[in-house]
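Visitor:
Number of protein chains: 2
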Amino acid sequence: MSAPRADIGALQAQIRAAGLDAVLTVSGANFTYVTDTLILSHEIIPERLCMVIVPAEGAPLPLVCLPEAKQVRQDSWISDLRTYVEFKEDPMVVLAQLLAELGLSNGRIGIESLFLAVTYERQLATALPGATITAADGVFDRARAVKTQTEIDILSAAARATEIAIYEAFSAARPGDTEKQLADDVTARLLKAGATSRWIVLAAGANSAINHPYPSAKQLTKGETLRVDVGGVFDGYQSDVARTAVVGQATDEQQSRYQRLREIERETIAAARPGVRACDLYAVCRKAYEKRGMELCGAVVGHSIGITLHEHPVLRAEDETELKPGMLFNVEPATIDSQGFLYHIEDLLLVTEGEPVIVTTNMDTERLFVI
Amino acid sequence: MSAPRADIGALQAQIRAAGLDAVLTVSGANFTYVTDTLILSHEIIPERLCMVIVPAEGAPLPLVCLPEAKQVRQDSWISDLRTYVEFKEDPMVVLAQLLAELGLSNGRIGIESLFLAVTYERQLATALPGATITAADGVFDRARAVKTQTEIDILSAAARATEIAIYEAFSAARPGDTEKQLADDVTARLLKAGATSRWIVLAAGANSAINHPYPSAKQLTKGETLRVDVGGVFDGYQSDVARTAVVGQATDEQQSRYQRLREIERETIAAARPGVRACDLYAVCRKAYEKRGMELCGAVVGHSIGITLHEHPVLRAEDETELKPGMLFNVEPATIDSQGFLYHIEDLLLVTEGEPVIVTTNMDTERLFVI
Numbered sequence: 005m006s007a008p009r010a011d012i013g014a015l016q017a018q019i020r021a022a023g024l025d026a027v028l029t030v031s032g033a034n035f036t037y038v039t040d041t042l043i044l045s046h047e048i049i050p051e052r053l054c055m056v057i058v059p060a061e062g063a064p065l066p067l068v069c070l071p072e073a074k075q076v077r078q079d080s081w082i083s084d085l086r087t088y089v090e091f092k093e094d095p096m097v098v099l100a101q102l103l104a105e106l107g108l109s110n111g112r113i114g115i116e117s118l119f120l121a122v123t124y125e126r127q128l129a130t131a132l133p134g135a136t137i138t139a140a141d142g143v144f145d146r147a148r149a150v151k152t153q154t155e156i157d158i159l160s161a162a163a164r165a166t167e168i169a170i171y172e173a174f175s176a177a178r179p180g181d182t183e184k185q186l187a188d189d190v191t192a193r194l195l196k197a198g199a200t201s202r203w204i205v206l207a208a209g210a211n212s213a214i215n216h217p218y219p220s221a222k223q224l225t226k227g228e229t230l231r232v233d234v235g236g237v238f239d240g241y242q243s244d245v246a247r248t249a250v251v252g253q254a255t256d257e258q259q260s261r262y263q264r265l266r267e268i269e270r271e272t273i274a275a276a277r278p279g280v281r282a283c284d285l286y287a288v289c290r291k292a293y294e295k296r297g298m299e300l301c302g303a304v305v306g307h308s309i310g311i312t313l314h315e316h317p318v319l320r321a322e323d324e325t326e327l328k329p330g331m332l333f334n335v336e337p338a339t340i341d342s343q344g345f346l347y348h349i350e351d352l353l354l355v356t357e358g359e360p361v362i363v364t365t366n367m368d369t370e371r372l373f374v375i
Numbered sequence: 005m006s007a008p009r010a011d012i013g014a015l016q017a018q019i020r021a022a023g024l025d026a027v028l029t030v031s032g033a034n035f036t037y038v039t040d041t042l043i044l045s046h047e048i049i050p051e052r053l054c055m056v057i058v059p060a061e062g063a064p065l066p067l068v069c070l071p072e073a074k075q076v077r078q079d080s081w082i083s084d085l086r087t088y089v090e091f092k093e094d095p096m097v098v099l100a101q102l103l104a105e106l107g108l109s110n111g112r113i114g115i116e117s118l119f120l121a122v123t124y125e126r127q128l129a130t131a132l133p134g135a136t137i138t139a140a141d142g143v144f145d146r147a148r149a150v151k152t153q154t155e156i157d158i159l160s161a162a163a164r165a166t167e168i169a170i171y172e173a174f175s176a177a178r179p180g181d182t183e184k185q186l187a188d189d190v191t192a193r194l195l196k197a198g199a200t201s202r203w204i205v206l207a208a209g210a211n212s213a214i215n216h217p218y219p220s221a222k223q224l225t226k227g228e229t230l231r232v233d234v235g236g237v238f239d240g241y242q243s244d245v246a247r248t249a250v251v252g253q254a255t256d257e258q259q260s261r262y263q264r265l266r267e268i269e270r271e272t273i274a275a276a277r278p279g280v281r282a283c284d285l286y287a288v289c290r291k292a293y294e295k296r297g298m299e300l301c302g303a304v305v306g307h308s309i310g311i312t313l314h315e316h317p318v319l320r321a322e323d324e325t326e327l328k329p330g331m332l333f334n335v336e337p338a339t340i341d342s343q344g345f346l347y348h349i350e351d352l353l354l355v356t357e358g359e360p361v362i363v364t365t366n367m368d369t370e371r372l373f374v375i
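The listed protein sequences derive, respectively, from chains A and B. Numbering (our numbering) for the first sequence: 5 to 375. Numbering (our numbering) for the second sequence: 5 to 375.
#1: Within the chosen definition, does the region 166-177 of chain A reach the region 143-157 of chain A through at least 3 CB pairs nearer than 8 Å?
#2: Please list the segments of the alpha helix (DSSP H) lying wholly inside the region 112-156 of chain B, counting only runs of 4 or more residues, in order along the chain.
#3: Just to check, is the beta-carbon of residue 225 of chain B closer than 7 Å to a non-hydrogen atom of the ligand FMN?
#4: Find the nearest neighbour of residue 39 of chain B within the set B:82, B:129, B:341, B:338, judged by alpha-carbon distance.
#5: Of all Cβ atoms in chain A, is any one closer than 8 Å to the Cβ of residue 220 of chain B?
#6: Contact between the region 240-249 of chain B and the region 342-359 of chain B: three or more CB pairs below 8 Å?
#7: Do three or more CB pairs link the region 8-28 of chain B to the region 46-54 of chain B at distances below 8 Å?
#8: Can you check whether the C-beta of residue 115 of chain A is within less than 8 Å of a C-beta belonging to chain B?
#9: Residues of chain A with CB under 9 Å from residue 188 of chain B, in chain order?
#10: Are residue 335 of chain B and residue 305 of chain B touching if we call contact CB-CB under 8 Å?
#11: Restricting to Cα atoms, I'd like to know which of A:131, A:128, A:130, A:118 is closest to residue 125 of chain B.
#12: In terms of DSSP beta bridges, what is residue 77 of chain B paired with?
#13: Relative to the C-alpha of residue 10 of chain A, which candidate in A:189, A:47, A:255, A:241 has its C-alpha closest?
#14: Specify whether the region 252-263 of chain B and the region 60-74 of chain A touch according to this definition: at least 3 beta carbon pairs, one from each stretch, less than 8 Å apart.
#15: Just mark residue 370 of chain A as buried or exposed, buried being the case when its beta carbon has 16 or more other beta carbons within 10 Å.
#16: Using the beta-carbon of each residue, which ones in chain A are nearer than 7 Å to residue 245 of chain B?
#17: For residue 230 of chain B versus residue 251 of chain B, is the C-beta distance shorter than 8 Å?
#18: For residue 193 of chain A, which residues from the same chain have a beta carbon less than 8 Å from its beta carbon, with the 5 sequence-adjacent residues on both sides left out?
#19: Counting only C-beta atoms, is residue 217 of chain B closer than 8 Å to chain A at any point?
#20: Where does residue 69 of chain A sit, in a helix, a strand or coil, going by DSSP?
#21: In whole angstroms, give me the CA-to-CA distance for residue 267 of chain B and residue 311 of chain A.
#22: At a Cβ threshold of 8 Å, is residue 201 of chain A touching chain B?
#23: Looking at the unbroken alpha helix (DSSP H) that takes in residue 89 of chain B, where does it start and where does it end?
#24: Please check the pair residue 372 of chain A and residue 254 of chain A, which I expect to be a contact at CB under 8 Å, by giving their CB distance rounded to whole angstroms.
#25: Would you please verify whether the beta carbon of residue 320 of chain A is less than 8 Å from any beta carbon of chain B?
#26: Using the Cβ count rule (16 or more neighbours within 10 Å means buried), how would you classify residue 342 of chain A?
#27: Work out the CA separation of residue 162 of chain A and residue 277 of chain A for me, nearest whole Å.
#28: Out of A:22, A:62, A:19, A:75, state which residue places its alpha-carbon closest to the alpha-carbon of residue 36 of chain A.
#29: In chain A, which residues lie less than 7 Å from residue 71 of chain B when you measure between Cβ atoms?
#30: Could you give the DSSP three-state label for residue 345 of chain B: helix, strand or coil?
#31: Report the residue from B:309, B:41, B:101, B:317 whose alpha carbon sits nearest the alpha carbon of residue 283 of chain B.
#32: Does residue 340 of chain B have its Cβ less than 8 Å from a Cβ in chain A?
#33: In the DSSP output, which residue or residues are listed as bridge partners for residue 357 of chain B?
#34: Does the region 97-113 of chain B touch the region 124-143 of chain B, meaning 3 or more C-beta pairs lie closer than 8 Å?
#35: Give every residue of the same chain whose Cβ lies closer than 8 Å to the Cβ of residue 281 of chain B, excluding the five residues on either side of it in the sequence, and list them in chain order.
#36: Could you tell me which uninterrupted beta strand (DSSP E) segments, each at least 3 residues in length, are contained entirely in the region 22-68 of chain A, listed from first to last along the chain?
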């Protein structure tokens, strides 16, 4: 690739604004963010460190375990990279040598302090005693919050593919199918649409009261509602969509509760304008619940999304970040009825200069979907 | 559940042998290991900390984010647990209070130093200034290396289901199918067999030279070999099986190279007896390559497996751990031919008092599978 998908210039501006000379990525998410390369080892063999040094100016420099080099050369817009040999070389010592080569022996180096493990940080500090190693989580959070058009396109396509997978699987489902069969059908459609991995929460009736249950052998039973909350990784970026259905037909109470939830979601989304703060959106949502005689129980009603599932800013009472055009949010109110059944809607929205754009509109969500 | 699946007594013996009063788990793997509960949030929302305090004696005590409590109560053998409210309470402060309640304010607390992030460790150290916080990675590694019969049964069933998924998908595949179609077929069979998540590496011809490529739109082409390396999570435990096939028919050179690789694998497995060290097995494997005019290129020829994919001990030149009955290893030699095609076999073996038992024997691997 010739150009990065993300805005690396914005990251470097944040690095400079934080008074840092460079940041170090160790997480898979920030590796993908900087290099446009998704490395499976980050998921399945995390101790096989693959890192990037991002200087305040100039090209980022990846340091990866030797077997991963071919993939980075194939997928990344970055042409220069360094390697280490697993079990023969200590990656943090090689990293310190690289930082020294870059003239950063006495530099201010930002780290992912909510991710970098204690031992690795100590190894780095020992190998580079003149450097100042400091938390830079906010640098990444702020840079990643506003997406480029390329990122918006990838995330929108991912969300739409996920919504369509749910819709098609719901349309094919029949009473008597099991949660597991329906979940596997959604998964198959997600993978066919290009997801490299996926997670899924799908539960019917009382099972839905568990936060993240694994789909079970329970059959879809008339009169029960069904909640699916599912996401996949597409081109390294996440999707996250939730939908609720009813088996057979809805009672008036079920329909009413669902429709109020959907109104709450739309009222919250409509308020997502530039300059509004994340906490303001949370307050709008809380009031929308109250107006309809319902209660917002969760501390969070939505989150940004990108290479990770829950990104900064988060729609909660304590997050005062102002919304900006190019931010993408998942808004996801939920409610539990008197039978203990959970109702959940989650859509992706794009903040623009004008009205917010709802990305996931392929499925009619005005009324409960009937299986 | 009434009894833990893993040997928590063995963990506590390791805690005492290390001179510790307790260990703290933060990783999803060690949470599952201690509690028998698989929490999806550990995978998709890792910042939602779910931890366990394991004292040197007495019952382990989980501390989880409130929405996860129901699942722990449902799945775990541990009856008592504590919760915190996300964004309202600081989990490391609540954790420090719990440690104090347990009389550990001045205790020696072991941490996962290759996993626990810098900021969390500092928060804990600040909130519990009298405690000594020290690396205890080896405590977990040693305790988890020898599996209980329950763990052996789960891991064996997982490996067999994975091998059968490959075999059935290979049997259904035809020249002209794409890598992606075949990979999705393997995945569908894995999920149907009960996997809650999966990863897959599947590549044909020259694509196989990348370490962990994502399955592509490349078609299976006569004369090319095809490598699949795939694993799933079953009941919280991992599988990992690799197989190689040829499309159309094998040349003499392809068949010869494959059969030598398979002899190397069997020769290595046959040496897996109690008292033999991991590095000895690596040396056996290296010699088996040399005897056949081939070269062992990797620094690793296999690894333990359990709740994580690569566990201690690892079959490499520097690992002097002695094999014991109840250890399970994936042995996985590989070789590249003159066309750049990768051949890879990976089987699960159980170390016993007598001969090692190969678990994955449902597919005939003596000759290249022909698609």
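Quick reminder that beta carbons are idealized off the backbone N, C-alpha and C, glycines included. Please read these numbers as outputs of a predicted model, since none were measured by experiment.
Guide: Considering the structure as presented:
#1: no
#2: 122-131, 141-149
#3: Although the ligand FMN was asked about, the structure shown includes no ligands whatsoever.
#4: B:82
#5: no
#6: yes
#7: no
#8: yes
#9: 192, 195, 196
#10: yes
#11: A:118
#12: Looking at the DSSP assignment, residue 77 of chain B forms no beta bridge with any residue, so it has no partner.
#13: A:241
#14: no
#15: exposed
#16: None at all; the shortest Cβ gap to chain A is about 14 Å.
#17: yes
#18: 168, 169, 172, 173
#19: yes
#20: strand
#21: 43 Å
#22: yes
#23: Here residue 89 of chain B belongs to no alpha helix (DSSP H), and DSSP marks it neither H nor E.
#24: 5 Å
#25: yes
#26: exposed
#27: 23 Å
#28: A:75
#29: 215
#30: coil
#31: B:317
#32: no
#33: None, per the DSSP bridge assignment.
#34: yes
#35: 323, 324, 325, 326, 327
#36: 26-29, 55-59
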